[in-house]
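Colleague:
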């Protein structure tokens, strides 16, 4: 089938790449745990909006990392990427619409 | 009619299934052939359509005269909800899925759907879901909270009956089945198109199915999550308080989630209809569609805008003033792509050479009356007017003009259009026209009157009403009885035609230009003996009569 | 279809006939006032909505006519003459497409703009003179008048020509208040208040209100009782069937109010003796079995007759008939004949509660509904378990009404369970810890509501008395204040008349005078129950009684 | 007559059918979680003045140890994502033996995650929220904190168990030799689902546990 020729190039580089991404994810998780309760590392509490925004930002970066490298979206054919990003768009519509403006 | 000489894909495959009907039916049950699954979807949807129609006749019979004379309000209150769910979830959407299964793989030049076994599983989720939903009448009182099931009416305190649980589970299963179908349609359309059939060579019906599948994929799961939340709250009332105000919940949350699904759902219920009508106008006016790219992008426009307008169903639920203004303005914008499509169809008709066979009659009837539905939608969209007209019979009139004069008319048009292709036999033209004129006239008699009832202030889902509205309801009831009677002509026509209609060749309408008119009718099990090769051509009629199917 | 040999003349006339029909049909539709004008013409917002509806309908009809005319001309002009006819294969024309896209967009934006303009006037809440709380419950409405000591009424009675603010909520499921003639429509969602306003400035027929001439009330009697239905087509020629525009003001004396099944068809409306006009009100959000039966009346009265009505209601004049209360509140579940509707609502005939010694349990069931101690878990009578939920009617019915309905149930349909009087009901309320609700008194306001309101009101006092009630130097300390806790009358006296003691830093202003009974009772309840004080709540009816005695 | 194999046509996007099907399925699944998360967001935005709707701070309710345990849980799920990717890389490279082992680690990672999640549920139901089963207890904060917690983590837990079964099927197929080196697509699609489950957990973990 046409798809087979794209052999995975130089697999050992890939291994290293996965490990790097794994380490980054680990660090981000640790940071995420510390931000809402900085007293764990002796800092005093951050302002509430900073906590929320940074947590959401970190979560999204981790999501993009996993989707990009582990789900091979990086080297994927361009047609799949809009399909992959569609749910983010629609969930943003839903969440904005749901805000209780009263 | 012994089984052996059934033509094309209807013919039994195995030796022993020729002899015994049971094995033949089992063969159909396990089939992975998209055309057979399409036929099964259509038959299932037709049965549920009849059930829905019977429920609507019970409603109109009760409302014919003021006063609760035919049934108690206990039974009546179940009818609007069950009529709506029967029609929406078990008639219109499965019927469109049936035509999509039957026609779309052929139009793409694909041998079959991308995941044949998933296709079969998606169909076989529907009958159990229908049994779940309709058995609520037998097991205990059916749900009395309409098809919208707003909590707290739909929670375990105010509708404790088992029927409500059954209905909810039935709906979740239907949602899963239609998303499975959508996954299949998208994979087939994107991945299995034959040589030369690029995305912008696809016929408009296939484009409509693609856009419908995307709508299904992104909206049905939100309904599933809303129904799961409601079910959790019904089963464990002390733990889950999603929609119970005393526990910190919010009933408006359910309405938001429900309408986030249900507005794209109304576009799911009309877009394939747009696709069918575009195909029929091209064939019967011997002219390519007016503005192919505009038609495709307006369908995509309707789909995307469809996701950001849902709160116009909740104008009177107490959401903020500026939220209402925002959603009202977006709803106004969504009328633009629909308007473009209607004008493009008029452009297709203009300058063509129109032949008035039954499919064309239904398509023209659709175009004439769907405009009324669309415009009463524009009237309802303006939030100030909606405060007076919300949940009155004006909304019922708008719903039925858009759904009956919209989706059902396109379904009839598609049925008559592809009946010769699917069965190899021509229907009786005279009966078809009687069916068309009967449906059109009685449809208007039934539903146009309801505009006035709504403006006069007659609320929806009422078992009994103030006698001021007696005359309007009388006319509407007589119209609906006649509308139901005319459908018998349709079934007679189809039975006669299947048994003894005259046989037709590959291109019965002589002007079909898409791939399905190049293969035998009914197509064989594997419709394309060799992968077809579509010569990208501006789909001219006439000189280039039928695309070359490389033998 | 069309015969081949028709010559040019007939073809032309045929074409003209069709084009004319395509034009006339929508115009005829337009002529029937149903589409042109709404019936919500009895309030300014309603009139504006009606005019907006008129405008949008006209725009839509113009578009409809264009589409239909183009469609029908295309059908007749381009019908296939000969079989091998081949039309020009055009693929669309970009500037036409851009043209109608822009045209459609402009029309939509215009409609959107006009609607936003109207909404800014109708949906925004103007300053209102009176507030009425509309409380929906399963299959009925109840209106509380906080400005008149929390008085309860089954009909929305308001002074005409005044901006009325409706605070709409529900006690169980989602309902929706809908008064078509006044253009009022808002959902009643449990757990939150939705707000709407209206000003019933329609013609009040008895008194020549300023600028409105007396509208003659036609005397045609339109009896709507069921046996009349034999002559169904009598409606066709009836005066107000289908001509849409409600020119005739539904005069009070002769309009037989059709109150569907639950309420008897009253020959003369109970508001006949006031100078008023009536409009129907109903529910439009599906709320279960009795959704179709939640009629109430909106009665717009002149100011003088409104005060007269308030006096009548508060003095509780007129003895309460148990049968009327039963048919209004209980028959939709327990059936007019007391047989109930298995398996949801239990029958009342011959059950154990009816015999002699179960009087108090019967009262408790009526007061507490499903939460009554005797009803914990599903009630099973003669083997059938009943899952229906019963309203706690104690909040809705006062002692006289409870006694009347209990007596009615105990002595009809063959039951003979003896008599019950108001005092027993009042004692039962005290035993159950429910706030007292004597006949004519104000509906008991739950303490939590009073506390919440009191807290907001106290913000004004905090500047001197401090948030903790201790207050600044030499300002009386409210925590543990003896007069506040023991002598409510003296406290009201201070608040209503103000006081000036030599050693106080400032004069105590008479803020109580400007507060309504409910606000004053809320403030007192808050002060008597916070900062360690634990005294009983003060009800609005008590405040209104003491206020008169104390006023100098 | 050449047997028509049901594979991608000439004009396909160059993506195997399975992957395209799985991605469209993941769009659907993500929207289900979007429905739950939007519901969670709306329930949380209730104004805290109304008594009984104040949202507790997750750190106090779960306790610092609870949060750290869940962070470990997230880390385990990320590890199982990594082992899944390695398994896929090995299948692509052809030595199925190593791929089999990596897949085994993925399954074990999934099971550990479910175990910790189960432990946390029992701990929460029995100790932190006894009001669930015995009405005498009560909690002053918004009851929907527990409701949304159970809905989100329960629904995600269901997806993880389906993912573990899915991986188990792949693992047995490789062991029995049913899946050979050139069946990379099958494993890749299983990997897609597993990474999706991990991705959703990252979002659910942030919203339910941290914010």
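Residue numbers (the numbering used here), protein chains in the order written: chain A, 1 to 102; chain B, 1001 to 1551; chain C, 2001 to 2552; chain D, 3001 to 3211.
Beta carbons are placed, not taken as given, at the ideal position from N, Cα and C, and that holds for glycine.
Here the structure is a predicted model, which is why all the values come from computation and not from measurement.
1) Looking at the unbroken alpha helix (DSSP H) that takes in residue 2423 (chain C), where does it start and where does it end?
2) Residues of chain D with CB under 9 Å from residue 98 (chain A), in chain order?
3) Note down the Cα distance separating residue 3038 (chain D) from residue 1480 (chain B), rounded to an integer number of angstroms.
4) Counting contacts by CB-CB distance shorter than 8 Å, is residue 25 (chain A) in contact with chain B?
5) Could you list the residues in the stretch 1379-1399 of chain B with a C-beta less than 9 Å from some C-beta on chain C, going in chain order?
6) Are any of the Cβ atoms in chain D nearer than 8 Å to that of residue 105 (chain A)?
7) What are the boundary residues of the beta strand (DSSP E) that includes residue 2297 (chain C)?
8) Please list the partners that residue 3008 (chain D) has in chain B, where partner means a Cβ-to-Cβ separation under 8 Å.
9) Could you check which residue in D:3131, D:3108, D:3106 and D:3071 has the C-alpha nearest to that of residue 3120 (chain D)?
10) Does any C-beta atom of chain E lie closer than 8 Å to the C-beta of residue 3080 (chain D)?
11) Whole angstroms are fine: how far does the CA of residue 2131 (chain C) sit from the CA of residue 3143 (chain D)?
12) In the structure shown, what three-state DSSP assignment does residue 2093 (chain C) receive?
13) Looking only at DSSP bridge pairs, what is residue 2186 (chain C) linked to?
14) Using alpha carbons as the reference points, say which of B:1409, B:1534 and B:1429 lies closest to residue 1275 (chain B).
15) In the DSSP assignment, find the alpha helix (DSSP H) that holds residue 1117 (chain B) and state where it starts and stops.
16) Under 7 Å Cβ to Cβ from residue 1433 (chain B), same chain only, skipping five residues before and after it: list those, please.
17) Is residue 1254 (chain B) closer than 8 Å to residue 1243 (chain B) when the C-beta atoms are compared?
18) Since residue 2174 (chain C) and residue 1152 (chain B) are thought to touch, with beta carbons under 8 Å apart, how far apart are those beta carbons, to the nearest angstrom?
19) In the structure shown, what three-state DSSP assignment does residue 1199 (chain B) receive?
20) Whose C-beta lies closer than 7 Å to the C-beta of residue 1221 (chain B) among residues of the same chain, with five residues either side of it excluded?
21) Do the stretch 2455-2468 of chain C and the stretch 2525-2536 of chain C make contact, defined as three or more Cβ pairs closer than 8 Å?
22) Can you name, in chain order, every residue of its own chain whose Cβ lies under 6 Å from the Cβ of residue 2232 (chain C), other than the five neighbours on each side?
23) Given that residue 1340 (chain B) touches chain C, what residues does it touch there, using C-beta distances under 8 Å?
24) Compute the Euclidean distance between the alpha carbons of residue 1268 (chain B) and residue 3029 (chain D), then round it to the nearest angstrom.
25) Counting only beta-carbon atoms, is residue 1178 (chain B) nearer than 8 Å to chain D?
26) Near residue 3046 (chain D), which residues of its chain fall below 6 Å by C-beta distance, leaving aside the five closest residues on each side in sequence?
27) Taking Cβ positions, are residue 2195 (chain C) and residue 2125 (chain C) nearer each other than 8 Å?
28) Can you list, in chain order, the stretches of the beta strand (DSSP E) that have 3 or more residues and sit fully within the stretch 2342-2417 of chain C?
29) Note down the Cα distance separating residue 1120 (chain B) from residue 1039 (chain B), rounded to an integer number of angstroms.
30) Using a beta-carbon distance below 8 Å, is residue 74 (chain A) in contact with chain D?
31) How should residue 1317 (chain B) be labelled, buried or exposed, when 16 other C-beta atoms within 10 angstroms of its C-beta is the threshold for buried?
32) List the whole-angstrom C-beta distance separating residue 3147 (chain D) from residue 98 (chain A), where the pair is believed to meet the contact cut-off of C-beta under 8 Å.
33) Taking one C-beta from the stretch 1291-1298 of chain B and one from the stretch 2084-2096 of chain C each time, how about it: are there three or more such pairs within less than 8 Å?
34) Could you tell me whether the Cβ of residue 2088 (chain C) comes closer than 8 Å to any Cβ of chain B?
35) Residues of chain C with CB under 9 Å from residue 1144 (chain B), in chain order?
36) Just to check my reading of the structure: residue 1525 (chain B) and residue 1009 (chain B) have Cβ atoms closer than 8 Å, yes? What is that Cβ distance to the nearest angstrom?
Modeller: If we stick to the structure as given:
1) 2422-2432
2) 3038, 3039, 3041, 3042 and 3045
3) 41 Å
4) no
5) 1379, 1381, 1382, 1383, 1384, 1385, 1386, 1387, 1388, 1389, 1390, 1391 and 1392
6) Any question about residue 105 (chain A) goes unanswered here, given that chain A covers just 1 to 102.
7) 2296-2301
8) 1191 and 1192
9) D:3071
10) In the displayed structure, chain E is absent; the protein chains listed are A, B, C and D.
11) 33 Å
12) coil
13) C:2177
14) B:1409
15) 1116-1124
16) 1358 and 1361
17) yes
18) 7 Å
19) helix
20) 1179
21) yes
22) In this prediction, residue 2232 (chain C) scores a pLDDT of 43, lower than 50, which makes its location untrustworthy; the coordinate-derived value is nonetheless stated afterwards. Within the same chain, residue 2232 (chain C) has no close Cβ partners at all.
23) 2097, 2100, 2101 and 2104
24) 19 Å
25) no
26) 3053
27) yes
28) 2379-2381 and 2384-2386
29) 12 Å
30) no
31) buried
32) In fact, because the Cβ distance is near 17 Å, the residues do not count as touching under 8 Å.
33) yes
34) yes
35) 2286, 2288, 2289 and 2291
36) 5 Å
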